[in-house]
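The sequence shown begins at 129 in the numbering used here and counts up by one.
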Amino acid sequence: MKPMRILAAAALTALLAGPGVAQDYPTKPIRMVVPFPPGGGTDVVSRVVAQKLGEATGWTIVIDNKPGSGGSVGLGLAGKAPADGYTIVMAQNANLVINPILGKANYDPIKDFAPIGLSASAPQVLVVAKDSLIRTVEDLLKAAKDKGGKLTFASPGIGTSSHLAGELLQQIAQVKFRHIPYKGASQALPDLMGGRVDFYVSSVPSVSVQIKEGVLRPIALFATKRDAEFPDVPTFEEKGIKNSDAATWWGLAAPAGTPAEIVTKINAELNKVLKDSDTQAKLRAAGAEATGSSAGEFAALIKSDVPKWTAVIKTADIKVAD
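And the structure:
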């Protein structure tokens, strides 16, 4: 057969094979890698999505928790898995985008994964103790200027999404805080409530109980819209601090090279279940909002987040110890 005919035959074979791959898929259980331990926010979101996908499609989806290095271990394993559609991963902006920028991962967020679709998101929030004199965004910015960079800002740790949200706020609002990193909310909140730090940045789910109990006061959200759970809390965007969105998001991804037909099939089923009222209620109970997207929209978000957080990290000169 002449070379041109060989190429034409190969193209025809691929065209005919594509729909068949998706039509027959899946023929065995799908492994969903969760790069955090059981019980955490990512695990809860993953189990809701896996359960609802299984109920809607009849697929068997097996959760495989692979914690370590802030999610990098699980992402790394998933990225190196066979690109056959039988390994997917619940990625988060902290591990898929931020960890590689900080040198905490051995994978490329764009080259090593095939985005499937966004699953959920949760805003970051800036909170103060109930008796703090800071009651508004204007109070916060004035206090930062009056204290000349000595206003203390607590986060769950160096290089976390919450830390970067605080750094983003400083850079956009042109103020300076003194960052105090902790090892999670359990250590930071007693110091915040005891007046040893001025404010704390966290995901809404991590502090929602304390906000509802009145021991913490939310000042503003790092989000493009208000949160349904706390509709009276403004966003920094509303207060004139533009491009301050720093929401945590979760999305399904597969190893790069996974057939596009399979990605499209999973994406379609994912978006269906995310529109289900029970799915939305279960995610809200976990402090997250069902989102959904096309694979292309998710890919575009990842691509836009890489330069955004690279710039924040470089400007703040953030270094993470080995």
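Note that beta-carbon positions come from the ideal geometry of N, C-alpha and C, so glycine has one too.
Host alpha helix (DSSP H) of residue i (start-end)
i, result
"Phe-426", "423-444"
"Ala-348", "No alpha helix (DSSP H) holds Ala-348; the beta strand (DSSP E) holding it covers 344-350."
"Leu-224", "Leu-224 -> no alpha helix (DSSP H), and no H or E assigned at all."
"Gly-294", "289-301"
"Gly-375", "One point to set straight first is that residue 375 is Ala, not Gly, in the sequence displayed. Ala-375 -> no alpha helix (DSSP H), and no H or E assigned at all."
"Glu-266", "265-274"
"Gly-196", "That residue, Gly-196, is in no alpha helix (DSSP H); it is neither H nor E in DSSP."
C-alpha gap between residue i and residue j, whole angstroms
i, j, result
"Asp-319", "Ala-428", "39 Å"
"Glu-365", "Leu-292", "17 Å"
"Pro-362", "Ala-184", "36 Å"
"Ala-374", "Ala-219", "16 Å"
"Asn-440", "Lys-340", "It should be noted that the sequence gives Val, not Asn, for residue 440. In a straight line, the C-alpha of Val-440 is about 32 Å away from that of Lys-340."
"Gly-379", "Ala-414", "15 Å"
"Pro-243", "Gly-424", "8 Å"
"Pro-284", "Glu-295", "13 Å"
"Lys-311", "Phe-305", "19 Å"
"Pro-163", "Gly-323", "34 Å"
"Gln-408", "Gly-167", "19 Å"
"Ala-142", "Ala-388", "Unreliable placement is indicated for Ala-142, whose pLDDT of 45 sits below 50; the coordinate value is still reported in the next sentence. Roughly 12 Å between the two C-alpha positions."
"Lys-436", "Gln-302", "17 Å"
"Ala-381", "Ala-209", "12 Å"
"Gln-179", "Glu-357", "24 Å"
Any non-hydrogen atom of the ligand GDP closer than 6 Å to residue i Cβ
i, result
"Ala-413", "As far as ligands go, the structure on display features none, and thus does not contain the ligand GDP."
Residue interval of the beta strand (DSSP E) (run including residue i)
i, result
"Ala-388", "Where Ala-388 is concerned, there is no enclosing beta strand (DSSP E), although the alpha helix (DSSP H) it sits in stretches over 388-402."
"Thr-407", "No beta strand (DSSP E) holds Thr-407; the alpha helix (DSSP H) holding it covers 405-413."
"Ile-244", "241-250"
"Ala-282", "280-283"
"Ile-308", "306-309"
Pair within 7 Å by beta-carbon distance, residue i and residue j
i, j, result
"Ile-308", "Val-448", "no"
"Ser-289", "Ala-206", "no"
"Ala-416", "Ala-211", "no"
"Lys-258", "Arg-345", "yes"
"Thr-115", "Gly-213", "For the chain, the structure presents residues 129 to 450; residue 115 sits outside this window and is missing."
"Val-265", "Tyr-328", "no"
"Leu-261", "Ala-272", "no"
"Tyr-235", "Ile-390", "no"
"Ser-421", "Leu-181", "no"
"Asp-355", "Pro-251", "yes"
"Leu-402", "Val-176", "no"
"Pro-228", "Ile-430", "no"
"Arg-159", "Thr-215", "yes"
"Pro-333", "Gly-198", "no"
"Ala-282", "Val-325", "yes"
Integer Cβ distance of residue i from residue j, believed to fall under 8 Å
i, j, result
"Val-225", "Asp-433", "5 Å"
"Val-335", "Met-321", "Between Met-321 and Val-335 the Cβ distance is about 11 Å, and since that is not below 8 Å, they are no contact."
"Pro-203", "Val-190", "The displayed chain sequence assigns Leu, not Pro, to residue 203. Rounded, the Cβ-Cβ distance is 18 Å, inconsistent with contact."
"Phe-350", "Ser-372", "6 Å"
"Phe-241", "Ala-384", "6 Å"
"Leu-297", "Ile-369", "7 Å"
is_contact[residue i, chain D] using C-beta, thresh 7 Å
i, result
"Glu-425", "Chain labels in this structure do not include chain D; a single protein chain is all it has."
- prompt: Which full runs of the beta strand (DSSP E) of 3+ residues lie inside the segment 146-194, going along the chain?
  reply: Runs found: 158-162, 189-193.
message: My parser needs the beta strand (DSSP E) runs of 3 or more residues fully inside the segment 317-346; what are they?
response: Counting whole runs of 3 or more residues, the segment 317-346 contains the beta strand (DSSP E) stretches 327-331.
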